[in-house]
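For reference, the structure is listed below as structure tokens.
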Amino acid sequence: MRTTTETGKQRWERETLEPALKKAPERAAAFTTVSGRPIDRLYTPEDVAGIDYARDLNDSGHFPYTRGIHPTGYRGKLWTMRQFAGFGTPEDTNERYKTLLRAGGTGLSVAFDLPTLMGRDPDHELSLGEVGKCGVNVTSLADMETLFDSIRLADITTSMTINSPAAIIFAMYLVVAEKQGADWKTLSGTIQNDILKEFIAQKEYIFPPRPSMRIITDIFAFCSRRVPRWNTISVSGYHIREAGATALQELAFTLRDGLEYVRWGVDAGLDVDDFVPRMSFFFNAHSDFFEEIAKYRAARKIWAEVLRDRFGAKNERSWKLRFHSQTAGVSLTAQQPYNNVVRTALQALSAVLGGTNSLHTNSLDEALALPTARAATLALRTQQIIAHESGVANVVDPLGGSYFIEKLTKDMEDGALAYFDTIDRMGGMVEAIERGFPQTEIAESSYRFQQAFERKEKIMVGVNELAAADESPIAILYIDDSAGERQLAKLDALKQTRDTDAVTRSLDGLRAAARTTENVMPRILDAVRAYATVGEMCDALRDVWGEYEEVPII
Amino acid sequence: MAKKIRVVIAKPGLDGHDRGAKVIARALRDAGMEVIYTGLRQTPEMIAAAALQEDADVIGLSILSGAHNHIAPRLMQLLKDKGLDDVLVVIGGIIPDVDIPALHQIGVKGIFLPGTPMAEIIGFINSHTRARV
Chain X
38 MRTTTETGKQ RWERETLEPA LKKAPERAAA FTTVSGRPID RLYTPEDVAG IDYARDLNDS
98 GHFPYTRGIH PTGYRGKLWT MRQFAGFGTP EDTNERYKTL LRAGGTGLSV AFDLPTLMGR
158 DPDHELSLGE VGKCGVNVTS LADMETLFDS IRLADITTSM TINSPAAIIF AMYLVVAEKQ
218 GADWKTLSGT IQNDILKEFI AQKEYIFPPR PSMRIITDIF AFCSRRVPRW NTISVSGYHI
278 REAGATALQE LAFTLRDGLE YVRWGVDAGL DVDDFVPRMS FFFNAHSDFF EEIAKYRAAR
338 KIWAEVLRDR FGAKNERSWK LRFHSQTAGV SLTAQQPYNN VVRTALQALS AVLGGTNSLH
398 TNSLDEALAL PTARAATLAL RTQQIIAHES GVANVVDPLG GSYFIEKLTK DMEDGALAYF
458 DTIDRMGGMV EAIERGFPQT EIAESSYRFQ QAFERKEKIM VGVNELAAAD ESPIAILYID
518 DSAGERQLAK LDALKQTRDT DAVTRSLDGL RAAARTTENV MPRILDAVRA YATVGEMCDA
578 LRDVWGEYEE VPII
Chain D
264 MAKKIRVVIA KPGLDGHDRG AKVIARALRD AGMEVIYTGL RQTPEMIAAA ALQEDADVIG
324 LSILSGAHNH IAPRLMQLLK DKGLDDVLVV IGGIIPDVDI PALHQIGVKG IFLPGTPMAE
384 IIGFINSHTR ARV
């Protein structure tokens with residue numbers, strides 16, 4: 038029945054769409070994002086009728102920062118082009134860093150190998166075959182000195198992807214900086230230090246959740262006094278997304294993790310405005326172009342509002358969500374690997390249009406191996422072409438006001454707040470993780486995507502469609518076992534030359550601090566200076582806190 | 264009714280990226296197999312013990328970290344020692360082409376690289392285990 042209350046869009050659907058569909062049906066019964074979110078065919082002013090410009094979007098540099106935290110966007114400073122790199126020995130990786138800096142990279146980002154991430158020395162049983170394979174191996178301060186040899190830490194910013202042993206690796210970085218004569222007060226960079234997403238997605242945890250959270254609040258407290266420009270945490274959705282989450286789940290779980298850290302910091306007696314300005318975020322730049330842009334915009338708005346309204350933060354810097362992004366490793370294909378350059382360029386463009394503060398672009402060979410120097414350089418060039426040739430960096434939030442983008446941004450926000458309610462009802466994120474809630478949600482989404490891929494509802498070019506009959510292989514970086522052998526030899530030599538009593542004393546001090554509420558950072562610095570190894574320091578903490586074992590959910 | 268194929272899915276080494284292991288575990292279960300997922304950080308000894316205890320027809324290893332050249336030979340030796348050399352061993356993950364012949368040589372029957380459809384893996388397991396079941 039036609040009534041006078043028919044909206045313009047309903048009229049369009051009746052008068053224009055229906056006859057058009059009769060003549061030529063659409064390609065599919067439903068259109069969805071890569072996350073499975075249904076997408077309408079046309080968005081109009083009706084879809085954004087409830088949005089108030091000043092309240093919900095506002096100009097760039099103004100609360101709630103939906104359009105960006107900087108008034109001038111990228112016209113002042115481009116995003117930081119920070120390429121994640123690390124493999125083999127510290128000597129190998131030091132060479133790669135120098136190559137990236139010479140090619141115009143503006144920050145370093147350290148990838149550590151699995152033994153380092155898991156707090157195991159190269160001579161541990163579980164390190165067999167893993168040393169230097171997925172990143173660089175760092176066993177002691179001596180390795181950290183080599184890793185940054187001839188790179189002045191006072192002049193660059195460094196991001197380090199390290200979580201369970203974050204305090205240890207950070208302490209090593211601080212001691213190297215000190216030896217170079219750098220002032221901790223002006224030193225800047227980031228440690229990932231986000232243990233919640235390890236329990237949720239990436240699973241590189243060592244200690245149980247509660248002592249793990251305590252190390253993090255110790256780092257917050259230490260840095261606010263001693264290393265005030267350091268970004269103490271990079272709350273990460275990247276790994277949550279790679280594990281199979283949807284864009285909405287990535288957004289919701291990451292921001293809720295961030296709020297959990299804020300709560301723990303406040304409960305530990307810190308002033309919210311003393312540590313929140315140094316928190317940063319890390320999102321995945323996945324393939325669904327507009328959904329990703331909406332995700333970043335919603336993230337800024339939610340963070341600003343929750344920090345101001347729920348936590349009473351008064352410092353504007355506590356309201357401003359700053360984030361790094363990395364293109365989606367999981368979207369890259371081993372088949373026709375050159376196609377990955379195109380995927381990465383589009384993903385990077387979405388991150389830039391969403392206002393990313395720093396960006397890593399993946400290399401074309403990453404579904405096959407760690408990147409070659411050539412592939413890594415091309416990945417960096419991809420960002421540079423977006424920055425200098427496409428013109429997108431000339432204007433702030435160019436998609437702001439798009440009916441589609443604004444509606445998606447609002448939907449993302451509403452969906453994330455609904456997840457917050459669910460998690461709040463469980464008692465918080467630590468409790469939700471202990472109940473397996475985010476883990477189950479992600480496993481469901483990842484299986485749903487796999488099924489859609491198998492049914493060819495989701496197409497990956499060159500994989501389940503448009504495959505090439507014959508593909509010539511590309512040259513890959515092959516990491517042999519020599520890095521492991523060299524690191525073992527160095528570890529043996531270190532144990533011969535260091536002051537064993539000083540090592541023992543410092544590890545006893547660390548254990549003692551772990552048993553009380555004393556901040557562990559000064560004790561870790563003592564152990565680092567004595568050339569205690571990552572494995573020894575983690576073992577000292579394992580002695581006190583034990584190890585976490587998850588109940589696997591499939 | 265035919266006995267169900269029993270599969271141990273294991274994630275050896277230090278790596279925690281378990282998306283692939285979980286997806287394949289679920290797909291095999293949906294395909295009518297009995298799936299036992301060991302969880303993370305399994306040594307070859309733990310995997311061989313699980314295969315014995317669970318009377319496995321198949322062991323599926325998920326390895327992305329590059330440690331396959333160390334883990335697979337040790338596991339194959341342990342299986343032989345325990346008299347489990349008739350267990351079908353397959354690997355899914357990131358395996359450089361140059362390493363594949365040596366893995367086949369020590370008895371790893373199937374190696375599945377990124378982008379492999381689940382149906383292909385299910386078909387492979389069905390056709391290589393039917394004789395035992």
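One line per chain: the protein sequences are X and D, in this order.
This note's numbering applies: residue 38 is where the first sequence begins, and numbers increase by one.
This note's numbering applies: residue 264 is where the second sequence begins, and numbers increase by one.
The beta carbon of each residue, even a glycine, is placed where N, CA and C say it ideally should be.
The structure presented is a predicted model; accordingly, all values stated were derived computationally and were not measured.
Within the stretch 295 to 306 of chain D, Val-298, Tyr-300, Thr-301, Gly-302, Leu-303, Arg-304 and Thr-306 place their CB atoms closer than 9 Å to a CB of chain X, listed in sequence order.
Against chain D, the beta carbon of Pro-589 of chain X has neighbours under 7 Å at Tyr-300 and Gly-302, listed in chain order. Contact between the stretch 479 to 497 of chain X and the stretch 121 to 135 of chain X is absent: fewer than 3 CB-CB pairs across the two stretches fall below 8 Å.
In the DSSP secondary-structure assignment, Asn-321 of chain X is bridged to X:Gln-363. Under the three-state reduction of DSSP, Thr-117 of chain X is assigned to strand. His-331 of chain D carries a helical assignment under DSSP once its states are collapsed to helix, strand and coil. DSSP lists D:Gly-355 as the beta-bridge partner residues of Phe-375 of chain D. Of the candidates X:Met-558, X:Gln-421 and X:Leu-525, the residue whose Cα lies closest to the Cα of Thr-143 of chain X is X:Gln-421. Counting only residues of its own chain and dropping the five nearest sequence neighbours on each side, Ala-505 of chain X has a CB closer than 8 Å to the CB of Gln-372, Gln-373 and Gly-499. In terms of beta-carbon proximity, Ser-325 of chain D stays away from the interface with chain X, with every pair separated by 9 Å or more. Between the C-alpha atoms of Trp-116 of chain X and Pro-408 of chain X there is a straight-line separation of about 22 Å.
Using a Cβ-Cβ cut-off of 8 Å, Gln-487 of chain X is close to Val-286, Ala-290 and Met-381 of chain D, given in chain order. Of the residues assessed, Gln-487 of chain X falls on the buried side of the cut-off, its CB having 16 or more other CB atoms within 10 angstroms.
Check the Cα spacing between Val-213 of chain X and each of X:Thr-195, X:Pro-202, X:Asn-230 and X:Asn-200: the tightest is with X:Thr-195. When beta bridges are read from the DSSP output, Pro-75 of chain X appears opposite X:Thr-69.
Against chain X, a Cβ distance below 7 Å from Leu-376 of chain D picks out Ala-371. Residue-level contact by beta carbon holds for Pro-359 of chain D and chain X, with a gap shorter than 9 Å.
Residue-level contact check: Ile-513 of chain X touches chain D, since one or more beta carbons of chain D fall below 9 Å from its beta carbon. As for any alpha helix (DSSP H) of minimum length 4 sitting wholly inside the stretch 456 to 489 of chain X, the runs are 466 to 471, ordered along the chain. Counting C-beta atoms within 10 angstroms of its own C-beta, Glu-508 of chain X has fewer than 16 neighbours from the protein chains shown and is therefore classed as exposed.
Around the beta carbon of Phe-257 of chain X, 16 or more other beta carbons lie within 10 angstroms, which makes this residue buried.
Residues Pro-152, Ser-164, Thr-176, Leu-528, Thr-570, Val-571, Gly-572 and Glu-573 of the same chain have their beta carbon placed closer than 8 Å to that of Asp-158 of chain X, with the five preceding and five following residues left out of the count. Within chain X, no residue has its beta carbon less than 8 Å from that of Ala-319 of chain D; the closest one is some 16 Å off. At the C-beta level, Ala-520 of chain X and Phe-124 of chain X come within 9 Å of one another.
Not a single CB atom of chain X sits nearer than 9 Å to the CB of Asp-349 of chain D. The beta strand (DSSP E) runs of length 3 or more contained entirely in the stretch 266 to 307 of chain D are, from start to end of the chain, 269 to 273 and 297 to 300. Identification of chain X residues near Ile-334 of chain D by a Cβ-Cβ cut-off of 8 Å yields Leu-165 and Gly-166, ordered along the chain.
Those residues of the stretch 140 to 171 of chain X placed with their C-beta closer than 8 Å to a C-beta in chain D are Leu-151, Pro-152, Leu-154, Met-155, Arg-157, Glu-162, Leu-163, Ser-164, Leu-165, Gly-166, Glu-167, Lys-170 and Cys-171, ordered along the chain. Inclusion of His-397 of chain X and Thr-364 of chain X in the CB contact set at 9 Å is warranted, their separation being smaller than that value. Residue-level contact by beta carbon fails for Gly-125 of chain X and chain D, as no gap is shorter than 9 Å. Comparing alpha carbon positions, the residue from X:Phe-318, X:Asp-186 and X:Leu-390 closest to Phe-327 of chain X is X:Leu-390.
Against chain D, the CB of Leu-405 of chain X has a partner CB under 9 Å away; the residue lies at that interface.
Asp-576 of chain X has a beta carbon lying at 9 Å or more from every beta carbon in chain D. Under the 10 Å beta carbon count, Asp-348 of chain D is surrounded by fewer than 16 other beta carbons and is classified as exposed. As the crow flies, the alpha-carbon of Gln-47 of chain X is around 41 Å from that of Leu-296 of chain X.
Secondary structure note for Leu-145 of chain X: its beta strand (DSSP E) is the uninterrupted segment 144 to 148.
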